[in-house]
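Worksheet: the structure to be examined is printed underneath.
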Amino acid sequence: MLRELKLLRRFLMILTLVSLSFFGMHQAVASEEEISFEADSVTVSQEDGSMYATGNVVMSQAGLRLTADEVRYNRDSDSAVASGNVEFIDADGAVHRADVMTLDTEFTHIVAETLRSRYPDGSFVTAENGDIRTESVSIFNSSRFSPCDCDFENGETPIWDMRASSTRHNVETKTIIHRNVRMHIMNVPIGYLPYLAHPDWTVRRRSGFLTPSFVVSSDLGFTASIPYYHVIDDTSDVELTPYRFQYRGAALRTKYRQRWDNSDLDVAVIAASVNTYKKEREAVGAIDANYRTTIGDDWRVNARLHRASQDTFLRRYKFESEKRLKSEVTAERIKSNRYYRVEMSDIQGLNAADTPDKEPTILPHIFYEKVGPGFREGQRLKTEISAIQVDNDDGHDLSRWTGNVQVEEQITKGPHHTSATLGAIGSYYSIQKKPVGATTRTDDLGRLTPVGSLNWRYPFSVSAGGRSAIVEPQAQMVYIGGDDKSDKIPNRDSSDYRIDEANLFLINRYQGYDYLRPGTRADVGISAVANDAVLGEVSGFAGISRRMSGKPSTGLAVNDEDIYSDYVASLSVDPEGPFKVTWSGRLASHDFKLNESKTNVSSQFRRLSYSLEHLQVAQPYFSSATSDLEELKASFAYDLTGGWRLKGSQVWNLSNGKSVRDTSTASLTWTGGIQNCLTVNFDYDRDLEKDRDIKANDTFLITVNFKYLGAITQRDFDDSSN
């Protein structure tokens with residue numbers, strides 16, 4: 086409603102200028118903007134200077150347009166009146182209608198009867214009458230507002246609207262005040278407030294209470310929270326949200342924000358006295374503070390402090406879902422051919438199995454990389470330097486300094502691409518601590534590893550029978566020299582590894598520096614991309630690696646003694662029809678048994694879209710597994726009539742030859758149909774994860790969201806197990 090007042094004032098200004106300055110003229114130019122004026126008939130009184138325009142009166146200026154049946158100007162009262170089907174369209178496309186509009190020539194006092202406004206987003210405002218004083222207080226009687234996109238002028242009922250006996254706009258305090266506010270849904274009153282105040286459109290921020298929320302839980306009981314927002318100054322504010330858990334205690338969350346030209350700070354602090362697995366009413370707290378800035382020559386600095394005083398209360402009381410909190414400071418700089426990064430971090434684990442020796446601390450990690458021309462034309466020189474100190478990494482404390490220099494040269498060009506790479510990786514370790522039973526050493530160790538490769542690839546195209554394809558075979562010989570110290574140096578940065586299409590042709594397949602196994606190998610593979618009238622776009626890859634010398638490397642095959650790695654393969658079929666199939670996997674080189682596979686089938690049929698995803702990994706790749714791991718996930722979404730949408734997913738654990746229902750989610754959503762002003766969600770979530778006082782549970786969530794007003798939420802928890 087308030088935005089409409091501003092635009093209405095603009096219309097009245099145009100109307101008065103026309104009335105005062107251009108008696109009897111059908112086309113004129115104002116002192117500042119050109120004004121177009123048309124009417125079927127214009128009469129000017131020579132006695133009192135009044136003007137009367139009738140019949141299809143049209144006025145326009147600078148993208149604004151006014152139409153009315155009649156326009157009168159009275160010089161004695163110094164006022165102008167537009168009446169009869171008055172319609173004003175502003176530059177944004179909003180349409181404002183009234184039966185009668187009266188204004189004075191100073192544009193400070195405006196009276197409108199049966200005011201009706203429609204905005205481009207579909208929302209509307211009506212008032213029985215309005216007494217608008219642009220420099221003090223404006224009053225609107227019997228006002229009505231709704232964001233629902235409906236044809237209210239022709240009798241269509243909005244899904245919901247707010248009605249007030251009177252609405253006041255105080256220009257000095259920039260405040261809108263509604264009295265006797267009634268909330269209606271489908272014309273049925275459901276709520277009443279004697280008083281409701283909020284800032285006008287000119288206010289960007291203002292202190293006050295925000296939308297409250299109410300939650301019902303079988304574990305926590307009834308929980309109410311009412312946020313309070315306070316503006317400190319133009320660049321900072323704070324938000325305080327108290328929580329009262331009926332069965333489990335109370336909490337206060339404080340959010341602080343500060344902004345500068347090149348920096349910003351966000352801090353969230355939680356203080357609570359709640360039930361935990363240790364005791365009732367334990368005093369707990371958490372902080373999540375983020376600071377970001379840019380300094381010097383494009384250095385981007387990020388600092389985050391993320392800690393909690395107790396393991397589970399953040400997840401149990403629904404403040405956060407993270408299982409690990411990471412505090413860190415990073416400085417990063419990117420140039421056209423250089424990359425710099427400095428990092429310090431500390432991990433806090435929130436699972437019951439996390440102990441201090443399993444919470445890594447990095448103080449610090451420094452990394453530098455440069456890529457540029459080599460020693461002669463056709464060469465590329467890559468340099469990496471890094472230094473790191475890591476403590477409490479699964480019981481390890483160690484320092485590592487590493488340098489990596491590689492020169493790549495293109496030997497042949499044309500259809501056959503041949504390149505050679507030579508380099509060396511030098512590392513120095515100071516291992517201060519290791520866990521009991523580890524075979525590695527506590528010592529200072531150095532290692533120099535020369536590396537080299539010769540790579541060949543030959544892309545070519547083929548076509549036959551209306552089909553075309555691009556095929557690229559590739560082969561590579563790799564040499565890694567130096568001493569084998571994998572039994573002395575702990576593998577902390579390369580332990581989670583399995584061969585795949587992305588790393589098959591890397592010289593050092595392990596992305597870190599800890600695990601370097603000397604030896605020679607041959608890598609071969611072939612990729613293809615084809616287009617078919619029936620199958621659509623088809624792409625695939627197959628490759629394998631053979632160890633020529635040296636000891637086997639872990640993660641290449643289930644049988645580490647095999648001289649061949651697993652076969653690596655992938656296939657994607659994407660026809661123009663309603664489905665798409667992708668598959669990737671690894672097969673044992675000696676019997677083609679699937680050691681890993683991932684299959685995804687997705688499709689859409691009319692209003693239904695769905696996907697099936699199957700994942701299987703062989704047991705030897707997991708030290709704690711007793712069998713192959715297998716999982717199936719089904720997801721779907723279905724658009725119902727009337728704006729309803731149904732979505733869901735289900736995960737089954739298929740390990741050990743069984744079928745066990747695991748995580749489940751489902752939701753039924755209504756978007757309010759064509760009126761687009763109300764959203765209703767019915768959500769279900771089944772989470773079987775347990776940890777200390779966190780129980781496996783089924784969660785039911787009902788959310789009703791009124792456009793521009795916020796949401797009313799209800800949660801119900803039903804513990805499925807203890």
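Note that my numbering has the sequence shown beginning at 86, numbered continuously upward.
Glycine residues also receive a C-beta, built at the ideal position from the N, C-alpha and C atoms.
Inspect the CB distances between the segment 623 to 635 and the segment 689 to 701 and report whether three or more fall short of 8 Å. The answer is no - the segment 689 to 701 does not touch the segment 623 to 635, with fewer than three Cβ pairs under 8 Å.
Top-ranked residue by Cα proximity to V354, from G621, L390, R777: As a working mapping, residue 354 is identified with position 269 in the sequence shown. With distances taken between Cα atoms, V354 lies closest to L390.
The segment 456 to 468 / the segment 489 to 502 touching (three or more Cβ pairs under 8 Å): Judged by Cβ distances under 8 Å, the segment 456 to 468 makes contact with the segment 489 to 502, as three or more pairs qualify.
If you draw a straight line from the alpha carbon of A587 to that of Y313, how long is it in whole angstroms? Residue mapping note: residue 587 aligns to position 502 of the sequence shown, counting from 1. Residue mapping note: residue 313 aligns to position 228 of the sequence shown, counting from 1. Rounded to the nearest whole angstrom, the CA to CA distance from A587 to Y313 is 51 Å.
Would you mind working out which of K573, I555, R606 sits nearest M562, comparing C-alpha positions? Within the sequence shown, the letter at position 477 stands for residue 562. The candidate whose alpha carbon is nearest that of M562 is R606.
Cβ separation of G640 and P603, assumed to be a contact under 8 Å, to the nearest whole Å: One-based indexing of the sequence shown puts residue 640 at position 555. One-based indexing of the sequence shown puts residue 603 at position 518. Actually they do not touch by this definition, with Cβ atoms about 16 Å apart.
For the alpha helix (DSSP H) containing R771, name the first residue and the last one. On the sequence shown, residue 771 is found 686 positions in, with the first residue counted as 1. Here R771 belongs to no alpha helix (DSSP H); instead the beta strand (DSSP E) covers 763 to 772.
Given a cut-off of 8 Å, decide if S674 and Y649 are closer than it, judged by their beta-carbon atoms. One-based indexing of the sequence shown puts residue 649 at position 564. One-based indexing of the sequence shown puts residue 674 at position 589. The answer is yes: Cβ separation under 8 Å.
8 Å Cβ shell around K41 - same chain, five flanking residues per side excluded: Nothing can be reported for residue 41, as the shown portion of the chain is limited to 86 through 807.
Suppose contacts are defined by Cβ-Cβ distances below 8 Å. Is R290 in contact with D246 by that definition? Reading the sequence shown from its first residue, position 205 is the one you call residue 290. Reading the sequence shown from its first residue, position 161 is the one you call residue 246. Here R290 is not near D246, since their CB atoms are 8 Å or more apart.
For a test of the three-state rule: what should DSSP assign to Y137, helix, strand or coil? As a position in the sequence shown, residue 137 is number 52, starting the count at 1. Three-state DSSP puts Y137 in a strand.
Can you grab the Cα-Cα spacing for the pair F791 / G293, in whole Å? The residue you call residue 791 lines up with position 706 of the sequence shown. The residue you call residue 293 lines up with position 208 of the sequence shown. Taking the straight line joining both Cα atoms gives about 20 Å.
Can you tell me where the alpha helix (DSSP H) with R400 in it begins and where it stops? Within the sequence shown, the letter at position 315 stands for residue 400. Start and end: 398 to 401.
Considering only the alpha carbon of each residue, which of S130, I451, V609 lies closest to R542? Counted from its first residue, the sequence shown places residue 542 at position 457. The shortest C-alpha separation from R542 is found at V609.
Is the Cβ-Cβ distance between V702 and K718 less than 8 Å? The residue labelled residue 702 in the question sits at position 617 within the sequence shown. The residue labelled residue 718 in the question sits at position 633 within the sequence shown. No, the Cβ-Cβ distance between V702 and K718 is not below 8 Å.
Spatial neighbours of T813 within its chain, please: C-beta separation below 6 Å, excluding the five flanking residues on both sides. There is simply no residue 813 to check, as the chain begins at 86 and stops at 807 in what is shown.
So, does the segment 232 to 249 touch the segment 258 to 277, judging by three or more C-beta pairs under 8 Å? Here the segment 232 to 249 makes contact with the segment 258 to 277; the two share three or more CB pairs at distances below 8 Å.
Report the option in Q495, V547, L539, S471 whose CA atom is closest to the CA atom of I510. Locating residue 510 in the sequence shown gives position 425, counting from the first residue. Each of Q495, V547, L539, S471 was checked against the Cα of I510, and the nearest Cα belongs to S471.
Assuming V266 and A282 make a contact with CB atoms under 8 Å, what is their CB distance in whole Å? Taking the sequence shown and counting its residues from 1, one reaches residue 266 at position 181. Taking the sequence shown and counting its residues from 1, one reaches residue 282 at position 197. Actually they do not touch by this definition, with Cβ atoms about 10 Å apart.
If you count every other CB in all the chains shown that lies within 10 Å of the CB of Q760, and 16 or more means buried, which is it? Within the sequence shown, the letter at position 675 stands for residue 760. It counts as buried.
Can you give me the start and stop residues for the beta strand (DSSP E) that G511 sits inside? For the purposes of this step, residue 511 is taken as the residue at position 426 of the sequence shown. Membership of G511 in the beta strand (DSSP E) is indicated by the continuous run 502 to 518.
Return the Cβ separation of Y362 and D778 in integer angstroms, given the expectation that the two are a contact with Cβ distance under 8 Å. Along the sequence shown, read from residue 1 onward, the residue named residue 362 stands at position 277. Along the sequence shown, read from residue 1 onward, the residue named residue 778 stands at position 693. With 8 Å as the limit, Y362 and D778 qualify as a contact, their Cβ atoms being about 4 Å apart.
With DSSP collapsed to three states, give me the class of E238. To locate residue 238, count along the sequence shown from 1; it is residue 153. Correct three-state label for E238: helix.
Closest residue to R342 among S394, S358, S135, N375 (Cα-Cα distance): In the sequence shown, residue 342 corresponds to position 257, counting from 1. Of the listed residues, the one whose Cα sits closest to R342 is N375.
Determine, using beta-carbon pairs with one atom in the segment 724 to 740 and one in the segment 213 to 220, whether at least three such pairs fall under 8 Å. Contact between the segment 724 to 740 and the segment 213 to 220 is absent: fewer than 3 CB-CB pairs across the two stretches fall below 8 Å.
From the DSSP output, read off the bridge partner residues of W541. Taking the sequence shown and counting its residues from 1, one reaches residue 541 at position 456. Answer by DSSP bridge pairing, in chain order: T503, A560.
Under 8 Å between C-beta atoms of K855 and I432: In this structure the chain extends from 86 to 807, so residue 855 is not present and cannot be described.
By the 10 Å Cβ neighbour count, where 16 or more other Cβ atoms means buried, how is V127 classified, buried or exposed? Start at 1 with the first residue of the sequence shown, and residue 127 comes out as number 42. Buried, because 16 or more other Cβ atoms sit within 10 Å of the Cβ of V127.
List the endpoints of the continuous beta strand (DSSP E) containing D724. Here the question's residue 724 lines up with position 639 in the sequence shown. Element bounds for D724: 714 to 724.
Can you tell me whether Y706 is helix, strand or coil according to DSSP? Taking the sequence shown and counting its residues from 1, the one referred to as residue 706 is at position 621. Residue state for Y706 is assigned as helix, using DSSP reduced to three classes.
In terms of DSSP beta bridges, what is E324 paired with? For the purposes of this step, residue 324 is taken as residue 239 along the sequence shown, with counting starting at 1. As DSSP reads the structure, E324 sits in a beta bridge with Y314, K340.
Apply the 10 Å Cβ neighbour rule to Q395 and answer buried if 16 or more other Cβ atoms are within range, or exposed otherwise. Within the sequence shown, numbered from 1, the residue matching residue 395 stands at position 310. Q395 should be labelled buried.
With H, G and I counted as helix, E and B as strand and the rest as coil, what does DSSP make of K467? Along the sequence shown, read from residue 1 onward, the residue named residue 467 stands at position 382. In the structure shown, K467 adopts extended strand secondary structure according to DSSP, grouped into three states.
Just reading off the beta strand (DSSP E) that P449 is part of, what are its end residues? Position 364 of the sequence shown, counted from the start, is the residue given in the question as residue 449. Residues 446 to 458.
With distances taken between CB atoms, is the gap from L672 to K683 smaller than 8 Å? Numbered from 1 along the sequence shown, position 587 holds the residue referred to as residue 672. Numbered from 1 along the sequence shown, position 598 holds the residue referred to as residue 683. No, the pair does not count as a contact, with Cβ atoms beyond the cut-off.
For Q395, three-class secondary structure by DSSP: Within the sequence shown, residue 395 is the residue found at index 310, counting from 1. If DSSP states are grouped into helix, strand and coil, Q395 belongs with coil.
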